[in-house]
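Numbering (this note's numbering), first residue to last: 1196 to 1668. Working notes for the structure below.
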Amino acid sequence: MKHLVLFPAAFLILLAANALAAKPNILFIFADDMTFDHVAALGHGEVETPHLDRLVKGGTTFTHAYNPGSWSGAVCVASRHMLMTGRQLWNAHKVANPKGMAQFHKAKTTWPQLLESAGYKTYMSGKWHVKIGADKLFNVARHVRPGMPRSVKEAYNRPLEGKPDPWDPADKSIGGFWEGGRHWSEVQADDAVGFLQEAEKSEQPFFIYLAFNAPHDPRQAPQEFLDKYPANKVEIPKNFLPRYPFCNEIGNPHGLRDENLAPMPRTKHSVRVHRREYYAIITHMDAQIGRVLDQLERSGKAKNTYVVFTADHGLAVGQHGLFGKQNMYDHSVRVPFMVTGPGVAAGAANAAPIYLQDIIPTSLDWAGAKTPEHVQFESIQPHLEGRGKKRDFVYGAYLGVQRSITADGYKLIYYPKANHLLRLYKVSEDPHETTDLMKSGGPAVEAQVNRLWKRLQEVQGQFGDTLRLERKK
């Protein structure tokens, strides 16, 4: 005790250092435009993802993870602002501007700043698309990317039946994701490997935000990855349609940029070609994730690191006649979500509905920090401990033209601009959402619609949603 009296300051510094060293590290890997089921270990029969499979086998997969929706055709903008601010959809919209984000920055209440306040060194690389500089929120930010590379005109309205395809996704001279002979995904992985090498020299816990632009278009990959997926062997989705029947009424998705990548009406050939390129860029990204995971193992810090893989939203790529993500179908609103780390069960699956932004309070739990009042998402740590309480609904929205609510195995989609059209799917038995129960009608269907409609009205306020809901008369 005499030593402690003589050197109280040094003792306190030592205690603080030991406390920081005990905190787990956090590696957050974020994809763009990746739908929930395109991971081999989750049952996808075509795509190869050996390193994402490592996360599935080594941790817990949340099989029903969602993005709440968007106020923009660029769904990633809303998803990422929710992730940075912790606010739910329409509440995040109010601050998704330079002034609003500056206020969050000044208050040090964005996600990375909260972790920095908890003692973490924060790193970022990759896609950003938030109304404030990444370098203001992270200690280290490298290769901060825009929403997508500069548009390459050859990538659109292709391939046309009977005509040569003008697009070569392996052509490094055409631009897009190819920059100086390297793919953006490779650059992002290089950054993450460098971050881990730097963090290896320190006892301070780290938070790495690694945001790939892949598998967003332009869907480019090295030829060796494209060769894995011959177009004529790619399966056509079970919910393939040449054209979505209500495209004009739900906000004209076919007028959006990513819907114009393939010709209209959709052909099976064009869907096969685009899905081939989608699989190739996913597998290429997976290889880069493998490099990062390998470096984490070499660093000696893997056992004390939580690794999370998810995406900002999904993508249709030929399902329901759609190619983008501006819709309420599961292929567009659900995302993969895998967690590995201290105390996380290996090879486990959890069907509890979560939002991908639930990672904010979860990471604060891991950091031993208090979740601020403004964070409107819920920690999944109780689920990881086997004591979580399931949400009883999932809300979704797109602009003022679509709303959805999913509960008890059913999903109700509402199109206010399409004469208040309603569509009802029993997603627990119809996962591809091919049978609209509204077409058959009957008392049982009406009872489900009434129940879900009432629930949607009840929960609107939680999301800051002021859209007036009206039933068709």
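Ideal placement from N, C-alpha and C gives every residue a C-beta, glycine not left out.
Three-state secondary structure assigned by DSSP to residue i
{"i": "F1504", "result": "strand"}
{"i": "V1539", "result": "coil"}
{"i": "G1591", "result": "strand"}
{"i": "I1575", "result": "coil"}
{"i": "Y1473", "result": "helix"}
{"i": "A1212", "result": "Here the model assigns A1212 a pLDDT of 48, short of 50, so the residue's position is not dependable, and the following value carries that caveat. Helix, per DSSP."}
{"i": "R1739", "result": "As shown, the chain starts at 1196 and ends at 1668. That puts residue 1739 outside it, with no answer to give."}
{"i": "A1426", "result": "helix"}
{"i": "G1450", "result": "helix"}
{"i": "I1369", "result": "coil"}
{"i": "T1258", "result": "coil"}
{"i": "G1264", "result": "strand"}
{"i": "Q1521", "result": "coil"}
{"i": "M1343", "result": "coil"}
{"i": "S1380", "result": "helix"}
{"i": "Q1399", "result": "coil"}
{"i": "E1393", "result": "helix"}
{"i": "F1231", "result": "coil"}
{"i": "L1199", "result": "With a pLDDT of 42 at L1199, under the threshold of 50, the modelled position of this residue cannot be trusted; read the value that follows with caution. Looking at L1199 - three-state DSSP - the assignment turns out to be helix."}
{"i": "F1658", "result": "helix"}
Cβ pair residue i, residue j closer than 7 Å
{"i": "P1458", "j": "G1513", "result": "no"}
{"i": "F1532", "j": "Y1590", "result": "no"}
{"i": "D1587", "j": "S1574", "result": "no"}
{"i": "R1171", "j": "E1356", "result": "The first residue shown for the chain is 1196 and the last is 1668, placing residue 1171 beyond what the model contains."}
{"i": "V1534", "j": "G1281", "result": "no"}
{"i": "A1365", "j": "Q1418", "result": "yes"}
{"i": "L1222", "j": "I1403", "result": "yes"}
{"i": "A1543", "j": "T1305", "result": "no"}
{"i": "A1236", "j": "V1251", "result": "yes"}
{"i": "S1465", "j": "Q1383", "result": "no"}
{"i": "L1662", "j": "I1600", "result": "no"}
{"i": "T1500", "j": "N1220", "result": "yes"}
{"i": "G1238", "j": "A1541", "result": "no"}
{"i": "L1284", "j": "P1307", "result": "no"}
{"i": "S1494", "j": "L1651", "result": "no"}
{"i": "F1372", "j": "W1379", "result": "yes"}
{"i": "V1429", "j": "R1470", "result": "yes"}
{"i": "F1225", "j": "N1545", "result": "no"}
{"i": "L1421", "j": "A1350", "result": "no"}
{"i": "C1271", "j": "D1507", "result": "yes"}
Candidates the options, of which the one nearest residue i by Cα
{"i": "V1325", "options": "K1496, A1273 and S1465", "result": "A1273"}
{"i": "N1614", "options": "L1664, G1357, I1600 and T1630", "result": "L1664"}
{"i": "H1526", "options": "H1259, T1478 and W1379", "result": "H1259"}
{"i": "P1400", "options": "S1312, V1570 and L1594", "result": "S1312"}
{"i": "P1293", "options": "G1268, W1266, G1328 and W1285", "result": "G1328"}
{"i": "N1408", "options": "K1667, K1612, N1455 and D1227", "result": "D1227"}
{"i": "V1339", "options": "T1629, G1371 and L1405", "result": "L1405"}
{"i": "S1267", "options": "M1319, K1520 and E1349", "result": "K1520"}
{"i": "A1602", "options": "G1376, K1428, P1410 and K1585", "result": "K1585"}
{"i": "Y1524", "options": "Y1261, I1224 and Y1318", "result": "Y1261"}
{"i": "A1426", "options": "M1633, E1241 and D1507", "result": "E1241"}
{"i": "G1314", "options": "G1253, E1398 and P1638", "result": "E1398"}
{"i": "L1456", "options": "H1411, M1480 and P1537", "result": "H1411"}
{"i": "P1354", "options": "S1494, A1416 and K1463", "result": "K1463"}
{"i": "T1478", "options": "R1467, P1556, Y1424 and S1494", "result": "Y1424"}
{"i": "A1592", "options": "L1517, N1434 and V1528", "result": "V1528"}
{"i": "R1666", "options": "A1642, D1625 and L1616", "result": "L1616"}
{"i": "I1484", "options": "A1387, F1441 and F1518", "result": "A1387"}
{"i": "R1452", "options": "E1395, Y1474, D1422 and L1517", "result": "L1517"}
{"i": "F1231", "options": "G1450, L1510, E1395 and Y1318", "result": "L1510"}
{"i": "V1670", "options": "N1522, V1539 and G1583", "result": "Only positions 1196 to 1668 of the chain appear in this structure, which leaves residue 1670 out of reach."}
{"i": "E1381", "options": "K1303, V1290 and M1480", "result": "M1480"}
{"i": "A1497", "options": "R1467, G1536, A1482 and N1522", "result": "G1536"}
One or two residues paired with residue i in a DSSP bridge
{"i": "Q1514", "result": "F1435"}
{"i": "S1599", "result": "G1591 and I1608"}
{"i": "N1545", "result": "F1257"}
{"i": "N1220", "result": "T1500"}
{"i": "S1320", "result": "R1337 and L1405"}
{"i": "R1529", "result": "Y1261"}
{"i": "E1374", "result": "R1377"}
{"i": "L1651", "result": "Partner(s): none; L1651 has no beta bridge."}
{"i": "V1534", "result": "T1255 and V1503"}
{"i": "R1618", "result": "I1608"}
heavy atom of the ligand SAH below 6 Å from residue i C-beta
{"i": "R1461", "result": "As far as ligands go, the structure on display features none, and thus does not contain the ligand SAH."}
Does the stretch 1620-1632 come close enough to the stretch 1598-1611 that 3 or more CB-CB pairs lie under 8 Å? Counting Cβ pairs under 8 Å, three or more are found: they touch.
Under 8 Å: do the stretch 1578-1587 and the stretch 1539-1557 share three or more Cβ pairs, one atom per stretch? Touching, yes, given that three or more Cβ pairs across the two stretches are closer than 8 Å.
With three or more beta-carbon pairs closer than 8 Å as the criterion, would you say the stretch 1484-1497 touches the stretch 1239-1255? Between the stretch 1484-1497 and the stretch 1239-1255, the count of C-beta pairs closer than 8 Å reaches three or more; the two stretches touch.
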